[in-house]
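Novice: Residue numbers for the sequence shown, in my numbering: 6 to 96.
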Amino acid sequence: MDIESAAPPCTDAVVMDALNARLRATPVDADCLVAALLLLVEQRGISGVARSCGMSNATFRRQFRNARDLPLSTLVRVLQAFAMQLRVETR
Numbered sequence: 006m007d008i009e010s011a012a013p014p015c016t017d018a019v020v021m022d023a024l025n026a027r028l029r030a031t032p033v034d035a036d037c038l039v040a041a042l043l044l045l046v047e048q049r050g051i052s053g054v055a056r057s058c059g060m061s062n063a064t065f066r067r068q069f070r071n072a073r074d075l076p077l078s079t080l081v082r083v084l085q086a087f088a089m090q091l092r093v094e095t096r
C-alpha cells in the first residue's frame with residue numbers, strides 16, 4: 006500500500022479543521038497561534054503567501070521567526086490572504 010495514497014487529501018478544509026482542533030485543545034498563546042498559522046502557510050507555500058501579504062520572503066520569514074514580536078498587521082494580512090478572520094470568544 007502506498008503511504009501517500011493512504012493519507013487524506015490536504016485541502017484547505019482539512020487544514021482549517023486541524024488548526025481549529027489544535028487551537029481549541031491547548032491554551033493558546035502567541036507562539037501557539039503563530040505555529041498554527043505557519044502550518045497553513047507551509048501547506049500553501051511561503052512565497053505565495055508572502056506575496057499576498059505584500060512582503061518579500063525574507064521579511065515574511067523574519068517576522069514569523071519570533072512570535073512575540075510578530076506585528077498584528079502581519080497577522081491580519083496573513084489571515085486575509087487565506088480569507089480568514091480573527092474571532093475572539095469567551096470560554
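Using N, Cα and C, we set each Cβ at its ideal position, and we do this for glycine too.
Tell whether a beta-carbon distance below 7 Å holds between V54 and A86.
Specialist: Yes, the pair counts as a contact, with Cβ atoms nearer than the cut-off.
Novice: Please say whether Q90 and T79 have beta carbons closer to each other than 7 Å?
Specialist: no
Novice: Does DSSP put V83 in a helix, in a strand, or in coil?
Specialist: helix
Novice: Nearest by alpha-carbon distance to V19: which of N62, R92, L44, R66 is it?
Specialist: L44
Novice: Taking buried to mean at least 16 other C-beta atoms within 10 Å of its own C-beta, is V83 buried or exposed?
Specialist: buried
Novice: Return no unless some Cβ of chain B is closer than 7 Å to the Cβ of P76.
Specialist: Among the chains of the structure shown, chain B does not appear; only one protein chain is present.
Novice: Straight-line CA distance for R56 to N62?
Specialist: Cα to Cα, the separation comes out at about 8 Å.
Novice: Please name the residue, chosen from R73, S52, M21, E94, that lies closest to L42 on a Cα-to-Cα basis.
Specialist: M21
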